[in-house]
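S.K.: Structure below; questions to follow.
Residue numbers (our numbering), protein chains in the order written: chain A, 84 to 533; chain B, 84 to 533.
Shown next as structure tokens:
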């Protein structure tokens, strides 16, 4: 006998997880489509050199790559993708001439990383990415935040904050210090601010990034006063407004915030954080992170930003763009812990009994009629004791059972049982099945939401 | 520069393929759900012993397995799944106590086989499976065909035939010959009937399966007269009706055909073929194949059957069931070649221009208003020449463009351009945007379908 366990770090997703996940994905697809993003799919398996090309993934990610080899194949040639961005870059480089630009795509798919297994960390997880490639327009920057906003709203997240920054603003400050090449170390140090506190970050900035004590203090003042609404940009302007990059970054953020307001995104859903580091080596313009209010400890559930050149590994053509990725699994875990997944039931409302000794033809016919009106209906597959069938229905979350025993069959009627209250209305004419079921479901719905 | 090609036997799916594919999957999910099948997902990576256990896959499939290894991992421990049935068996064995039976699930996901690349054969392809596990009921047999019927109808396939057989009928004939253990060889020979003709099959039956000339001829007569409507079962009954298995198989097929008629499946959509071999070593009861009328050369687009014991590799518990798999990629290729994918356009109907020199705020606002009414709207991301923006819209399949230039901005109006005819209605008040666009799209729709 073989042990039916999954491999370490992997998992099965049962219906209780998949039903809300599918609903959320349906909302995401709908949102992406409403904005004109088109679906694409790339293989789970890529050629190794595509994934390991310079800058494709961080060293950490590259250490986590899964090799793939078929019998007779050469080891080291193929691997499982670790994100959807490198495949997008390859896809765009390959197909840009047919597709034209701007090219707006979304992609939803599993990615694989051989991380050390830990709670909440999986070696296979789903990414939901959307990007506009081939444009530097500010409209695309604002739209990226708007899509995050609309997608999370559609998914039923009650309150969240999209935090924005622009990479050129901190660059300008560092340039003013004569330390433009140290931005990477500075961002790495700043990333720890919430965790280790100001004093330790100052120490690291001095030790690792080569700032003077005074510079480190000014930088932290700049970052710490750089959190809030669009007005924090006034103070930043006084510091780096004279620098071309700083001025550009500030103007761009102002414009994005204004366009988002126009688009109907409530100002309290947006925040600026001039210390937001997102995407160290990759993003070059605006960057985004999204946290759910009261659940910030889950980290960002939707992140992204603007890049200068997506596909430089694969083509000479310069392809700037902007996009983001929604962390579906993290979001689901959060919604579940917050109790916001309530009301998610089985996809089928009605169980049609398979009465012992009665030809199941009538049950099949009644169920088919309900489905034609869009009401999910399941015929119990075996003529077990009716009590067992009702127990199945209650435990799966069916709300109603339609029962036709020998007497009902002869009289052309059915009984309708409420599986929660166990109340049963008897001898309803079969001809009025659809109307009776629709009406009963509706009154349950109203009762349930009252 | 790295070549952006995909590995041999793999492929990118551009929007022109993905849009109809997503639509079809949405219809399939809806159909499965209406019947009470619940979604599950298992990892793409399984432990090797799960996939290679006795009987899990044919020798051919096992030769095509992709090994998976992460850095520091041991080669030979993990592999990519080659179907969704073995993972279902493992899943059910692992979770049957929480889930209870009957358990109805559907699963949609990529599977991997290192086949020799050839036209139309890919090393990664999508399977869409649905099964009821834990029941021997005839209702589940009939429902499987009904789900195939409803799913293909919902996907827009105009005419198709679901062919049924029961494995015990041919077994009974072979048992009558005293050759019950040769059924496998017989089915393999029969499988070639359409391709090589009767004489060669007779020769193979004699040479490989050990039938006498007379037995081979009687077997072929039986099979060749065993194709048609439910009435072909009368002739079969005369031959094998005295055999307990034969009698059971014939009665079961009759009952399934009758239940399907009750469920509203048109009789001309169903056929019986007593030579249908499907699932040599696996199925034990009813089997199904589905071909599209006039496109039989594409082979079966939806196949399945009943099995006695799904998860015997992983558990002592006997779990009979029935299910099928829809060949989505094959079906899409067929629909495309048949020209039945026409009318599939970009997911967005409206392009909102980004007029040079005009603040894009109004465009973003108008697009947001349209989306709130469920009409997809895309704002062109950069203020390029209007002619270029219109060219983008025409080539992507947008139907209408909303244009606000400086004069329109000042007057609070917009122009509405039909991208196909290039006709433009000028100076429509912005307040009536939603109504005007909805009405214009509807008249285009009516014009288009006339």
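All C-beta atoms in this analysis are idealised placements derived from N, C-alpha and C, irrespective of residue type, glycine included.
(1) Leaving out five residues on either side along the sequence, give the residues of the same chain with a beta carbon under 8 Å from the beta carbon of residue 281 of chain A.
(2) Which bits of chain A does residue 454 of chain B rub up against, with CB to CB less than 9 Å?
(3) When the distance is taken between beta carbons, is residue 464 of chain B closer than 8 Å to residue 222 of chain A?
(4) For chain A, is any of its Cβ atoms less than 8 Å away from the one on residue 334 of chain B?
(5) If you drop the 5 nearest sequence neighbours on each side, which residues of the same chain put their C-beta closer than 6 Å to that of residue 272 of chain A?
(6) Tell me the DSSP secondary structure of residue 372 of chain B in three-state form.
(7) In chain B, which residues lie with their C-beta within 8 Å of the C-beta of residue 462 of chain A?
(8) From this set, B:167, B:215, B:353, B:139, which residue's C-alpha is nearest residue 121 of chain B's C-alpha?
(9) What are the complete alpha helix (DSSP H) segments, minimum 4 residues, inside the stretch 241–302 of chain B?
(10) Could you name the residues that DSSP lists as bridge partners for residue 498 of chain B?
(11) To be precise: take each residue of the stretch 378–399 of chain B, compare its Cβ to all Cβ atoms of chain A, and keep it if any distance is under 8 Å. Which residues remain?
(12) Just to confirm, are residue 406 of chain B and residue 213 of chain B a CB contact at a threshold of 8 Å?
(13) Can you give me the start and stop residues for the beta strand (DSSP E) that residue 193 of chain B sits inside?
(14) Answer with buried or exposed for residue 234 of chain A, where buried requires no fewer than 16 other C-beta atoms within 10 angstroms of its C-beta.
(15) Assign residue 219 of chain B to one of three DSSP states: helix, strand, or coil.
(16) Excluding the 5 residues flanking residue 494 of chain B on each side, which residues of the same chain have their C-beta closer than 8 Å to its C-beta?
(17) Return the first residue and the last residue of the alpha helix (DSSP H) that residue 390 of chain A is part of.
(18) Please identify, using Cβ separations under 7 Å, the residues of the stretch 350–370 of chain A that lie next to chain B, in order along the chain.
(19) Residue 424 of chain A by DSSP, collapsed to three states: which one?
(20) Got a sec: which bits of the stretch 130–148 of chain B sit with their beta carbon under 8 Å from any beta carbon on chain A, in order along the chain?
(21) From A:130, A:88, A:520, pick the residue whose C-alpha is nearest to that of residue 433 of chain A; which is it?
(22) Please return the same chain residues whose Cβ sits closer than 8 Å to the Cβ of residue 310 of chain B, not counting the five positions on each side in sequence.
(23) So, with DSSP's three-state summary, where would you put residue 402 of chain A?
(24) For residue 96 of chain B, which residues in chain A fall below 7 Å Cβ to Cβ?
(25) Whose C-beta lies closer than 6 Å to the C-beta of residue 450 of chain A among residues of the same chain, with five residues either side of it excluded?
(26) Listing by chain order, which chain A residues have their CB less than 9 Å from the CB of residue 513 of chain B?
(27) Counting contacts by CB-CB distance shorter than 8 Å, is residue 465 of chain A in contact with chain B?
(28) So, residue 151 of chain A versus residue 151 of chain B, is the Cβ gap smaller than 8 Å?
(29) Would you tell me roughly how many angstroms separate the C-alpha atoms of residue 137 of chain B and residue 130 of chain B, rounded to the nearest one?
(30) How many Å lie between residue 365 of chain B and residue 395 of chain B at the Cα?
(31) Who are the near neighbours of residue 201 of chain A in its chain, counting only those whose CB is closer than 8 Å to its CB and skipping five residues on each side?
(32) Hey, residue 444 of chain A and residue 341 of chain B: beta-carbon distance below 8 Å or not?
(33) Does any residue of chain A have a CB that is nearer than 8 Å to the CB of residue 183 of chain B?
(34) Taking the alpha-carbon of residue 179 of chain A as reference, which of A:159, A:401, A:156 has the nearest alpha-carbon?
(35) Quick check: the stretch 85–105 of chain A against the stretch 154–161 of chain A, are there 3 or more CB pairs under 8 Å?
(36) Taking only the alpha-carbon atoms, compute the straight-line gap between residue 545 of chain B and residue 209 of chain B and give it to the nearest angstrom.
M.R.: Taking the geometry as given:
(1) Here residue 281 of chain A refers to the residue found at position 198 when the first chain is read from its first residue. Here the set comprises 303, 307.
(2) Reading the second chain from its first residue, position 371 is the one you call residue 454 of chain B. Contacts between residue 454 of chain B and chain A, judged by CB atoms closer than 9 Å, involve 114, 117, 118, 233 in chain order.
(3) Counted from its first residue, the first chain places residue 222 of chain A at position 139. Counted from its first residue, the second chain places residue 464 of chain B at position 381. Contact check for residue 222 of chain A against residue 464 of chain B passes: the beta carbons are separated by less than 8 Å.
(4) Locating residue 334 of chain B in the second chain gives position 251, counting from the first residue. So, not an interface residue.
(5) Residue mapping note: residue 272 of chain A aligns to position 189 of the first chain, counting from 1. Taken in chain order, the residues that qualify are 284, 287, 288.
(6) Residue numbering aside, residue 372 of chain B sits at position 289 when the second chain is read from its first letter. In the structure shown, the three-state DSSP call for residue 372 of chain B is strand.
(7) By one-based count along the first chain, residue 462 of chain A stands at place 379. The contacting residues are 222, 226.
(8) Within the second chain, the letter at position 38 stands for residue 121 of chain B. The candidate whose alpha carbon is nearest that of residue 121 of chain B is B:215.
(9) Listed in chain order, they are 250–259, 266–273, 276–279, 281–292.
(10) Mapped onto the second chain, residue 498 of chain B falls at position 415. B:486, per the DSSP bridge assignment.
(11) Flagged, chain order: 394, 396, 397, 398, 399.
(12) Taking the second chain and counting its residues from 1, the one referred to as residue 406 of chain B is at position 323. Taking the second chain and counting its residues from 1, the one referred to as residue 213 of chain B is at position 130. A contact, by the Cβ cut-off of 8 Å.
(13) Here residue 193 of chain B corresponds to residue number 110 of the second chain, with the count starting at 1. Its beta strand (DSSP E) spans residues 186–195.
(14) Taking the first residue of the first chain as 1, we reach residue 234 of chain A at position 151. Residue 234 of chain A should be labelled buried.
(15) Within the second chain, residue 219 of chain B is the residue found at index 136, counting from 1. Note: residue 219 of chain B maps to coil in three-state DSSP.
(16) Numbered from its first residue, the second chain carries residue 494 of chain B at position 411. Spatial neighbours of residue 494 of chain B in its own chain (CB-CB distance under 8 Å, excluding positions within 5 residues in sequence) are listed in chain order as 510.
(17) Taking the first residue of the first chain as 1, we reach residue 390 of chain A at position 307. For residue 390 of chain A, no alpha helix (DSSP H) segment is defined; the enclosing uninterrupted segment is the beta strand (DSSP E) at 385–390.
(18) The residues in question: there are none.
(19) Working through the first chain from its first residue, we reach residue 424 of chain A at position 341. In the structure shown, residue 424 of chain A sits in coil (DSSP, three-state: anything other than H, G, I, E or B).
(20) Sequence-ordered contacts of the stretch 130–148 of chain B with chain A read 130, 132, 133, 136, 146, 147, 148 [C-beta pairs closer than 8 Å].
(21) For the purposes of this step, residue 433 of chain A is identified with residue 350 of the first chain, where counting begins at 1. When each option's Cα is compared against that of residue 433 of chain A, the closest is A:520.
(22) Translated into the one-based positions of the second chain, residue 310 of chain B becomes position 227. Taken in chain order, the residues that qualify are 354, 355, 356, 357, 358.
(23) Position 319 of the first chain, counted from the start, is the residue given in the question as residue 402 of chain A. In this structure, DSSP gives residue 402 of chain A a state outside helix and strand, which the three-state scheme calls coil.
(24) Numbered from its first residue, the second chain carries residue 96 of chain B at position 13. Those are 123, 124, listed as they occur along chain A.
(25) The sequence position of residue 450 of chain A within the first chain is 367, counting from 1. Cβ-Cβ distances below 6 Å link residue 450 of chain A to 435, 460, 462 in the same chain, with the five nearest sequence neighbours on each side left out; the list follows chain order.
(26) As a first step, residue 513 of chain B must be located in the second chain, where it is residue number 430. Near residue 513 of chain B there are no residues of chain A at all, since even the closest Cβ is about 13 Å away, more than 9 Å.
(27) One-based indexing of the first chain puts residue 465 of chain A at position 382. A Cβ of chain B is located within less than 8 Å of the beta carbon of residue 465 of chain A.
(28) The sequence position of residue 151 of chain A within the first chain is 68, counting from 1. The sequence position of residue 151 of chain B within the second chain is 68, counting from 1. Yes, the Cβ-Cβ distance between residue 151 of chain A and residue 151 of chain B is below 8 Å.
(29) Position 54 of the second chain holds residue 137 of chain B. Position 47 of the second chain holds residue 130 of chain B. Cα atoms of residue 137 of chain B and residue 130 of chain B: separation of roughly 14 Å, rounded to the nearest angstrom.
(30) As a first step, residue 365 of chain B is located in the second chain; it is residue number 282 there, counting from the start. As a first step, residue 395 of chain B is located in the second chain; it is residue number 312 there, counting from the start. Linking residue 365 of chain B to residue 395 of chain B through their CA atoms gives a straight-line distance of about 12 Å.
(31) Within the first chain, residue 201 of chain A is the residue found at index 118, counting from 1. Beyond the five residues adjoining it in sequence on each side, residue 201 of chain A comes within less than 8 Å, by CB distance, of no other residue in the same chain.
(32) For this step, residue 444 of chain A is matched to residue 361 along the first chain. For this step, residue 341 of chain B is matched to residue 258 along the second chain. Yes, these two residues count as a Cβ contact at 8 Å.
(33) Residue numbering aside, residue 183 of chain B sits at position 100 when the second chain is read from its first letter. Interface residue, yes.
(34) Start at 1 with the first residue of the first chain, and residue 179 of chain A comes out as number 96. Comparing Cα-Cα distances from residue 179 of chain A to each of A:159, A:401, A:156, the minimum goes to A:401.
(35) No: the two stretches stay apart, fewer than three of their Cβ pairs being nearer than 8 Å.
(36) Residue 545 of chain B cannot be examined here, being either before or after the span of chain B that is shown, 84 to 533.
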